Every structure is written in structure tokens, then in C-alpha cells.
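Below is one structure, written out as C-alpha cells; comments come after it.
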Amino acid sequence: MSNLTHEQIEEVRKRLIDFIDKNPGISNKIIGQNTGYSSTTINLFKNGKYPGSDKTLTDLAAKIENYLNNELTSSMEAVGKGSLKFAFTLAAQDIFRIANYSLTEGKIGVVTGSPGSGKTIALKEYKRRNPTTILIEVTPLVSPRILLEDLCHELNRPKSHVRNTMFQTIVNELRGTKRLLIIDEGENLNVSCLEILRRIQDFTDIGMLLAGTSRLLNRLRGERRELQQLFSRVGVQKAIKLLQLGDI
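Position 66 (the sequence shown) corresponds to 178 in my numbering; numbering is contiguous.
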């Protein structure tokens with residue numbers, strides 16, 4: 113481990129503060145998981161109150177510096193792999209705006225649009241720019257078990273034969289992280305899957321963005337009001353169009 117001067121350690125601390133300010137979805141817990149320290153230790157370092165020896169402080173600062181450098185490298189590589197191909201249409205702007213609202217407010221957002229309206233491309237670009245975002249693309253074969261297994265996979269947590277065990281694992285992993293969960297092709301979710309998402313949001317207060325066709329909104333409203341509790345939590349909803357005048 114390289115020896116850092118007090119001035120270099122202070123520079124790392126400032127970089128960490130700036131990084132967290134610019135990436136609201138990244139918590140002390142996430143940084144701790146990537147550096148091998150607890151969220152409390154990361155918070156103490158960030159606030160200039162780490163009580164350890166000079167050696168342990170240097171080791172901590174070096175690992176945080178390495179994490180920040182890796183994040184910077186990943187971001188630059190992602191830009192080089194084709195961000196210029198992404199067209200920031202009015203629909204994409206709406207999706208980004210609703211995603212950011214859902215993230216910062218810890219609410220549920222809903223975006224609907226016909227196939228080909230650019231939802232999936234915009235959602236993937238949002239995740240590329242915000243790497244702590246969890247993006248799940250569901251299929252017509254989705255079931256509660258498949259949904260839970262997909263979430264465990266995205267969180268790098270073990271799957272289980274017991275659905276409640278996976279649910280608790282997901283809740284424990286997301287609680288306090290202020291991450292955003294995006295579900296694409298949400299019209300494929302049945303009532304049971306949507307109820308699972310509602311309960312995850314209840315326990316974690318993370319932001320969620322549900323995207324799909326108009327069938328998704330119809331399902332959320334529901335004639336029999338099975339999802340009344342979930343729909344009441346929707347903070348913002350937007351129907352996007354394939355092409356708008358501002359894109360021409």
C-alpha cells in the first residue's frame with residue numbers, strides 16, 4: 113500500500129465528498145462494500161473524524177482512492193463505448209427526469225409508451241450514467257420467484273429455494289442505500305409480482321421506476337383495485353410519445 117501524505121489524504125477526502133454529491137445513489141454502505149470497510153468508517157473518513165492510526169488512515173484513504181479511480185475509469189470507458197450514439201430526445205429527457213425524481217424522493221414513478229418509443233434505450237443509458245441503478249428487464253414468463261431471483265442476481269446475492277429468504281436478502285441489501293430500481297417491460301408483471309415490489313419499497317424506501325406499455329398503467333389502476341395500495345404510492349406518471357416536435 114502506498115504511503116500518502118496528509119495533504120494527499122485530504123485530497124482523497126474531498127474527492128469522496130464530491131463523488132457522493134454527484135452520485136446520490138451511492139451511499140457510504142456501497143462504498144464500504146467496495147473497499148472492505150463499514151459504512152460508519154466511510155462516514156467518519158468523509159467527515160474528517162476517522163480515529164485510527166496514521167497507518168490505518170493511510171490504508172483506508174488508499175483503498176478509497178483506488179475505488180474512486182476505478183469509478184472514473186469505468187465512466188470514461190463507458191463514454192468511449194458509444195454514448196455519442198444516444199439521442200437525448202424529449203422522451204428520454206422525460207424518462208431521466210422521472211428517474212431522478214424517483215431516486216431522490218424515494219417514490220415510485222411510472223413511464224408508459226408504445227413499443228419503439230425509446231423507453232428501453234433511455235433506461236439503459238440512464239443505468240450506464242448511474243451505475244448503482246438496478247435495471248431488470250422482465251419477460252412474459254416472469255413469476256414472483258423469477259423476479260426475486262433476478263433481483264438477487266443483480267445484487268450479487270445468493271438465490272434460495274425459499275422465496276421469503278430471497279425477499280429478506282433483497283430488503284437487507286437495499287435498505288438505507290438510496291438506490292433506484294428500474295423495471296422495464298413492466299406490463300408483464302402480474303399482481304403478485306407488483307405486490308412484491310410494493311413491499312420491497314415499503315421496507316427500503318428506495319426509488320422505483322416502472323416502465324412499460326399502457327397495459328402497465330391499466331394493470332396498476334385495475335378494475336378490482338387489487339393494486340390500490342401500490343398505485344397510491346405513484347408519485348409521478350408520464351406517457352411518452354415515439355417522436356415529438358422538439359426532436360426534429
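The beta carbon of each residue, even a glycine, is placed where N, CA and C say it ideally should be. If you're wondering where the values come from, they're calculated on a predicted model, not measured in any experiment.
* With 16 other Cβ atoms within 10 Å as the buried cut-off, status of R291 -> In summary, R291 is buried, with 16 or more beta-carbon neighbours lying within 10 Å of its beta-carbon over all protein chains present.
* Asked: Alpha carbon to alpha carbon, how far is T281 from I143?
  -> 19 Å
* To do: Give a yes or no on contact between the region 310-329 and the region 213-224, applying the rule of three or more CB pairs nearer than 8 Å.
  => yes
* Asked: What are the complete alpha helix (DSSP H) segments, minimum 4 residues, inside the region 122-183?
  -> 140-147 and 151-158
* Classification of R331 by the beta-carbon crowding that lies within 10 angstroms, buried from 16 upward -> buried
* So what does DSSP say about V283, is it helix, strand or coil? -> Look at V283 here: in three-state DSSP terms it is helix.
* Asked: Anyone know if the C-beta pair for K350 and D296 falls short of 9 Å?
  -> no
* Asked: In three-state DSSP terms, what is G324?
  -> strand
* Taking the C-alpha atoms as reference points, what is the distance between N163 and S151? -> A small correction: the amino acid at residue 163 is Pro; Asn does not occupy that position in the sequence shown. About 15 Å.
* To do: Assign L184 to buried or exposed, taking buried as 16 or more other Cβ atoms, counted over all protein chains shown, within 10 Å of its Cβ.
  => exposed
* Asked: Whose C-alpha, out of L286, G298 and V348, is nearest the C-alpha of Q145?
  -> The shortest Cα separation from Q145 among L286, G298 and V348 belongs to L286.
* Kindly indicate the opening and closing residues of the alpha helix (DSSP H) around L116. => It is not in any alpha helix (DSSP H) - L116 carries neither H nor E in the DSSP assignment.
* Quick one: is N300 buried, meaning 16 or more other Cβ sit within 10 Å of its Cβ, or exposed? -> buried
* Neighbourhood of V283 by C-beta distance below 7 Å, restricted to the same chain and skipping five residues each side -> I312, F315 and T316
* Mark V274 as exposed unless 16 or more other C-beta atoms lie within 10 angstroms of its C-beta, in which case mark it buried. => exposed
* What three-state label does DSSP hand V346 in the structure shown? -> Of the three classes helix, strand and coil, the one that applies to V346 here is strand, per DSSP.
* Asked: Between the region 158-175 and the region 239-247, are three or more C-beta pairs nearer than 8 Å?
  -> In short, these stretches do not touch, since the Cβ pair count stays below three.
* Which listed residue (H118, L156, E177 and T153) has its alpha carbon closest to that of R127 -> E177
* To do: Report back the beta-carbon spacing between L253 and L235 to the nearest angstrom; my notes put them in contact at under 8 Å.
  => The pair is not a contact, with the Cβ atoms about 20 Å apart (cut-off 8 Å).
* Enclosing beta strand (DSSP E) for T224 [first to last residue] -> I220 to T224
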